[in-house]
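If you count the sequence shown from 1, you need to add 3 to reach our numbering. See below for the structure under consideration.
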Amino acid sequence: MECDFCFEDSVFSETRERTGQRGLPYIAKQREPEWFNEDLNPDDLVEVHTVLKFRADLSYRQEDFEKAFSEYSDCCALIPPANNAMRRDVQESQARCLMHLGRHKEALEIAEMLAKGVGNTDHLTGVLQLQANIHRHLENLHEEVTCLQQLISLHPFNPQFWLCLAQSYMSLCLDISNFKDPSQNNNRFSLCSWKSLGKQQCIGDVTQSIDFTVSRDDTLGYCNESDSSPSTVYTTKEELWIWSCACFIRARLLFQFIQPQHASFVLDNNLKTQEKIEKQLEKVGLLEEQKILIEEVMGEDLLAEKTKEEGQMDTKTTQALTSFIMPTDTEFRVRWFQKISALMVPAML
């Protein structure tokens, strides 16, 4: 019985070897140091605003903030409207220059303008970092704390943000101690020794011994809309002390969690920071049983099984804001500190 189909001859023919054309080798462009200080080609607008940006960055690094602000302004005027990413970067740099020049009101105005153009969590993170730094320069501790809490709500696994928040809480605790003698406070915590709170110099050492700066050298409406008034949020220095210690411990746990991923000088910096945090906890008088208690609570979400179930360890930087709800200050404290406060209930002597 004959079949009605047959194979094409091409099926049995030898495969023709294909010789790919070799492209030209890639040669990286080499530039002399500070090449951007050379004469510009005014016809190439892309090169012009790029060079101006580099010049401004160098001036900022050299701490010539007046010159840097002028160069950033010239650069911003040449950026095409469609290049939103570079425009936001330059405007943020302008705000940082104004902050260092003491023109905080203008810096906040730029931050508020950037806040109106926030389109994703990456934009929001940059604006909150900028606001936190401006408020730190203004010594607006409550506003700075609110910004840091919102940064942590976006990035709960970022140890640097937790370090910054720990410092801010301790600074607020120190401010309260300056107005009220700790010996006049009759409240004591059943698991807490308050001897260290009577030593303001000790607390001052904590706020100065580690460089707790937000990763960018730097108000979003979120900061102003939360319930962060001093009269309703920070009631006692005892609460601030507990929150600060909890943040220090959370930061250390996160450094330990990411330690296997580090090597070389990054690992060295990680270990040094952990060591510094441990010394600060000793200075403020945190007892060993307290450390264990707080570690258990602040590390509940760091279990390998749980992080695997969640699928990721942080909010995606490009996540649309429509899918993210920013918690209030009260909701943040309930989320992170309520269980610790319940276990360290104050008892009247």
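Using N, Cα and C, we set each Cβ at its ideal position, and we do this for glycine too.
### Exposure of Trp-38, with buried meaning 16 or more beta-carbon neighbours within 10 Å
Here residue 38 corresponds to residue number 35 of the sequence shown, with the count starting at 1. Burial call: exposed.
### Query
Going by other Cβ atoms of all chains shown within 10 Å of its Cβ, with 16 needed for buried, is Asn-40 buried or exposed?
Taking the sequence shown and counting its residues from 1, one reaches residue 40 at position 37. Its Cβ having fewer than 16 others within 10 Å, Asn-40 is exposed.
### Residue range of the unbroken alpha helix (DSSP H) whose run includes Thr-333
As a working mapping, residue 333 is identified with position 330 in the sequence shown. Element bounds for Thr-333: 332–346.
### Message
Between the alpha carbons of Gln-293 and Gly-302, how many angstroms are there, rounded?
### Response
Mapped onto the sequence shown, residue 293 falls at position 290. Mapped onto the sequence shown, residue 302 falls at position 299. Cα to Cα, the separation comes out at about 14 Å.
### Continuous alpha helix (DSSP H) stretch holding Ile-328: start and end
If you number the sequence shown from 1, residue 328 lands on position 325. Segment: none, Ile-328 is in no alpha helix (DSSP H) and carries neither H nor E.
### Query
For Arg-106, does the three-state DSSP call read helix, strand or coil?
The residue you call residue 106 lines up with position 103 of the sequence shown. Reduced to three states, the DSSP call for Arg-106 is coil.
### Query
Quick one: Cα of Gln-94 to Cα of Leu-290, how far?
Here residue 94 refers to the residue found at position 91 of the sequence shown. Here residue 290 refers to the residue found at position 287 of the sequence shown. Whole-angstrom Cα-Cα distance: 46 Å.
#### Entry: Residue from Met-347, Leu-151, Glu-278 whose Cα sits closest to the Cα of Glu-241
Taking the first residue of the sequence shown as position 1, residue 241 is located at position 238. Nearest C-alpha to Glu-241: Met-347.
### Task
Can you say whether Lys-282 is buried or exposed, counting buried as having 16 or more other CB atoms within 10 angstroms of its CB?
Position 279 of the sequence shown, counted from the first residue, corresponds to residue 282. The residue is exposed, with fewer than 16 neighbouring Cβ atoms inside 10 Å.
#### Entry: Cβ-based neighbour list, Leu-168, same chain, cut-off 6 Å, excluding 5 preceding and 5 following
Taking the first residue of the sequence shown as position 1, residue 168 is located at position 165. Cβ neighbours of Leu-168 beyond the five flanking positions: Leu-151, Cys-250.
### Query
Looking at the structure shown, is Asn-40 part of a helix, part of a strand, or coil, going by DSSP?
As a first step, residue 40 must be located in the sequence shown, where it is residue number 37. Note: Asn-40 maps to helix in three-state DSSP.
### Message
By the three-class DSSP mapping on this structure, what secondary structure does Gly-288 have?
### Response
As a first step, residue 288 is located in the sequence shown; it is residue number 285 there, counting from the start. Coil at Gly-288, not helix or strand.
### Message
Along the chain, where does the alpha helix (DSSP H) containing Asp-46 start, and where does it finish?
### Response
As a working mapping, residue 46 is identified with position 43 in the sequence shown. Premise fails: Asp-46 is in no alpha helix (DSSP H) and is neither H nor E.
#### Entry: Local conformation of His-306 per DSSP, three classes
Along the sequence shown, read from residue 1 onward, the residue named residue 306 stands at position 303. Correcting the residue type first, residue 306 is Leu in the shown sequence and not His. Secondary structure of Leu-306 (DSSP, three-state): coil.
### Query
Three or more C-beta pairs closer than 8 Å, one from the segment 127–144 and one from the segment 96–109: is that the case here?
yes
### Message
Closest to Asn-123 by C-alpha separation, out of Val-337, Ile-343, Phe-335, Met-329, would be which residue?
### Response
The sequence position of residue 123 within the sequence shown is 120, counting from 1. Cα-wise, what sits closest to Asn-123 is Met-329.
### Task
Give the secondary structure of Asp-77 by DSSP, where H, G and I count as helix, E and B as strand, and everything else as coil.
Counted from its first residue, the sequence shown places residue 77 at position 74. In the structure shown, Asp-77 sits in a helix (DSSP, three-state: H, G or I).
### Query
When you compare only the Cα positions, how much space is there between Ile-137 and Met-116?
Taking the first residue of the sequence shown as position 1, residue 137 is located at position 134. Taking the first residue of the sequence shown as position 1, residue 116 is located at position 113. Going from the Cα of Ile-137 to the Cα of Met-116 covers about 15 Å.
### Residue nearest to Phe-335 in terms of C-alpha spacing, selected from Leu-324, Ala-254, Trp-246, Pro-263
On the sequence shown, position 332 is the one that residue 335 refers to. For Phe-335, the nearest C-alpha among the options comes from Trp-246.
### Query
If we ignore side chains and look at the alpha-carbon of each, how far apart do Asp-92 and Asp-178 end up?
Translated into the one-based positions of the sequence shown, residue 92 becomes position 89. Translated into the one-based positions of the sequence shown, residue 178 becomes position 175. Using only the alpha carbons, I get a separation of about 35 Å.
### Message
I'd like the ranges of any alpha helix (DSSP H) spanning at least 4 consecutive residues and lying wholly in the segment 253–302.
### Response
267–286, 291–301
### Query
Would a C-beta distance cut-off of 8 Å place Leu-127 and Ala-114 closer than the cut-off?
Position 124 of the sequence shown, counted from the first residue, corresponds to residue 127. Position 111 of the sequence shown, counted from the first residue, corresponds to residue 114. No, these two residues do not count as a Cβ contact at 8 Å.
### Task
State the start and end residues of the unbroken alpha helix (DSSP H) segment that holds Glu-147.
Locating residue 147 in the sequence shown gives position 144, where the first residue counts as 1. Here the alpha helix (DSSP H) through Glu-147 covers 144–157.
### C-alpha distance - Ser-35 paired with Arg-90, whole-angstrom precision
Translated into the one-based positions of the sequence shown, residue 35 becomes position 32. Translated into the one-based positions of the sequence shown, residue 90 becomes position 87. One detail in the question is off: residue 35 reads as Glu in this sequence, not Ser. Rounded to the nearest angstrom, the two C-alpha atoms are 27 Å apart.
### Message
Is the beta carbon of Leu-166 closer than 8 Å to that of Ala-71?
### Response
Numbered from 1 along the sequence shown, position 68 holds the residue referred to as residue 71. Numbered from 1 along the sequence shown, position 163 holds the residue referred to as residue 166. Result no, Cβ atoms of Ala-71 and Leu-166 do not sit closer than 8 Å.
### Task
Just the C-alpha distance for Leu-256 and Leu-48, rounded to the nearest angstrom, thanks.
Position 253 of the sequence shown, counting from 1, holds the residue named residue 256. Position 45 of the sequence shown, counting from 1, holds the residue named residue 48. The alpha-carbon atoms of Leu-256 and Leu-48 are separated by roughly 48 Å.
### Query
Secondary structure at Asn-66, three-state DSSP: helix, strand or coil?
In the sequence shown, the residue the question calls residue 66 occupies position 63. The sequence shown places Glu at residue 66, not Asn. Reduced to three states, the DSSP call for Glu-66 is coil.
### Task
Work out the CA separation of Glu-147 and Cys-248 for me, nearest whole Å.
Translated into positions along the sequence shown, residue 248 becomes position 245. Translated into positions along the sequence shown, residue 147 becomes position 144. Using only the alpha carbons, I get a separation of about 18 Å.
### Query
Going along the chain, which residues of its own chain have a beta-carbon closer than 7 Å to the beta-carbon of Lys-342, five neighbours each way excluded?
Stepping through the sequence shown from its first residue, residue 342 is reached at position 339. The beta carbon of Lys-342 lies closer than 7 Å to those of Val-300 in the same chain, with the five residues before and after it left out.
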